[in-house]
Ligand code: FAD
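In full-length UniProt numbering, the protein residues as written are 45 to 489.
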């Protein structure tokens, strides 16, 4: 599968080899160190949401699907308002509040009008909340369930993404539904069997639809590379009453089964290229939102750690800015009202995919599936919601002008965005390991 994995990626001017070098040497070490920091380690997620599309597949009983949760109190900075608006208060919102308090100072206060003002404000608060929900829904690409009462913190470092044993009809129903119902119905495999979509049919689709399919397929590739690189190799007994412990490591045979052209109707190398493609997409989103992300606080309540996190962010973004061949999102959705309709469909299809994640029958897979979908959804929002298209804030002042108050990401979106990118980066790095294993195998033959 590596022989076909060279040269142009398609749909952009970048090549696989350029990304390999850039990721493995420059990005990989930085992003892995970044996501190990406290701010990025804790992800708030609701794993109890009902599947909105079909009756529950019965909860997964496989032990490697189990999630270790953590109490709110064990989350660094939680006691200092980590979970409240404080943490979501970006320089942009702070600035808005400052500006508002200046405008509404006591000097302007007219006691005769105050009753009227209060009545209006009580009535309009409800309206404003409705408008806000409407505006958010229009620009968001996925559901954000961190405000849900059932949402809980998960320490990602205690729950690594790896082989869980989740497979068969439940897993296939998810992937099938994602490809067949939500990828703009590309020409389907007429035999209703694998593979769901043939890459040769993609050339008949418009760029936007192809980008959508490739991004989802790239995510699928990344998930499957992780389960191959952290495969359950054996189980060892650790004590009389204790359950056996798994030993995890790369499984070259499993990797070849999933990506070798001879075992995948020739599709394997295309699926691998889609991984590079979605990597480019997310990296471009990070570059685009970079000036905003550089000014976030990354608050956890530990000033030293927080400063280190900000420094690591600036350092990584500085490297990302130097990438020579960024994905060019401005070539998409051009063409009047039709383009606007297409963009809306694009957003709705992705929204559906984020909801399908609630149907995954293995909690560990659901956790990482939801995180990576939210990360990709956040990247799409940055690239296509139109709110991030000009960035003329004054970095020297450390705050954004008022009209940028809409450029705001929730804490969970930021955590998901960086962790999702870290997963893709890790997958590309793992490919290098499989490449080495494969050539060592050939030499010994
Ligand atoms: P699948 O991966 O289930 O794929 C089904 C079919 O889709 C394939 O036969 C092929 O025709 C096509 N296909 C495969 N790859 C691609 C691609 N990249 N692009 C386009 N088409 C493709 N398992 C774990 O062990 N650990 C996990 O963390 C994990 N997370 C998951 C998260 C989600 C959201 C889902 C839906 C599943 C997850 N799984 C996980 C299960 C895993 O992805 C596979 O479904 C499972 O291992 C069965 O694999 P399979 O060989 O039958 O093919």
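Every residue gets a Cβ at the ideal spot worked out from N, C-alpha and C, and that includes glycine.
When you compare each of the options to residue i by their alpha carbons, which one comes out closest?
i	options	result
residue 466	330, 250, 341 and 308	330
residue 113	204, 288, 404 and 428	204
residue 57	117, 388, 375 and 472	375
residue 558	253, 482 and 344	For the chain, the structure presents residues 45 to 489; residue 558 sits outside this window and is missing.
residue 108	269, 253 and 292	292
residue 85	202, 191 and 358	202
residue 53	392, 319, 244 and 367	319
residue 394	383, 195, 406 and 414	414
residue 187	425, 481 and 483	425
residue 427	241, 200, 256 and 311	256
residue 215	403, 379 and 90	403
residue 387	69, 47, 75 and 185	185
residue 48	350, 66, 254 and 310	310
residue 455	99, 46 and 189	189
residue 401	349, 83, 89 and 55	89
residue 391	116, 183, 55 and 120	183
Could you pull the start and end residues of the beta strand (DSSP E) that residue i belongs to?
i	result
residue 98	Element bounds for residue 98: n/a, residue is neither H nor E.
residue 197	196-199
residue 280	275-280
residue 345	Run containing residue 345: none; DSSP gives neither H nor E here.
residue 89	86-89
Taking just the CA atoms, how far does residue j sit from residue i?
i	j	result
residue 479	residue 267	18 Å
residue 79	residue 96	31 Å
residue 322	residue 285	45 Å
residue 316	residue 340	33 Å
residue 435	residue 453	Residue confidence for residue 435 is low, a pLDDT of 49 falling below 50, so the modelled location carries little weight and cannot support an answer.
residue 252	residue 198	34 Å
residue 131	residue 411	Confidence at residue 131 is low in this model, with a pLDDT of 40, below 50, so the placement of that residue should be treated as unreliable; the coordinate-derived value is given next. Those two C-alpha atoms are separated by around 22 Å.
residue 223	residue 369	28 Å
residue 221	residue 363	38 Å
residue 91	residue 195	7 Å
residue 399	residue 489	47 Å
residue 75	residue 264	21 Å
residue 483	residue 389	44 Å
residue 472	residue 294	14 Å
residue 306	residue 313	10 Å
Sorted by chain position, which residues of the same chain lie with C-beta nearer than 8 Å to residue i's C-beta, five sequence neighbours on each side aside?
i	result
residue 326	419, 420, 423, 461, 464, 465 and 468
residue 487	none
residue 352	81
residue 367	66, 327 and 331
residue 111	91, 198, 203, 407, 408 and 411
residue 397	186, 222, 226, 260 and 417
residue 278	290 and 291
Starting from residue i, trace the alpha helix (DSSP H) both ways and give me its first and last residue.
i	result
residue 36	What the structure shows of the chain is the stretch from 45 to 489, and residue 36 is not part of that stretch, so it cannot be assessed.
residue 421	407-428
residue 293	From DSSP, residue 293 is part of no alpha helix (DSSP H) but of the beta strand (DSSP E) over 289-293.
residue 306	It is not in any alpha helix (DSSP H) - residue 306 carries neither H nor E in the DSSP assignment.
residue 385	380-400
residue 459	455-488
residue 62	60-65
Do we get a CB-CB distance below 8 Å when we pair residue i with the residues of chain D?
i	result
residue 260	Here there is only one protein chain, and chain D is not present.
By Cβ distance, which residues of its chain are closer than 6 Å to residue i, with the 5 residues on each side in sequence left out?
i	result
residue 474	269 and 273
residue 328	370 and 371
Give me, in chain order, the residues of the same chain whose beta-carbon lies closer than 7 Å to that of residue i; leave out the 5 immediate sequence neighbours on both sides.
i	result
residue 338	357, 358 and 361
residue 208	106, 108, 109, 406, 408 and 409
residue 50	60 and 61
residue 261	315 and 318
residue 70	363
residue 383	377
residue 280	288, 289 and 291
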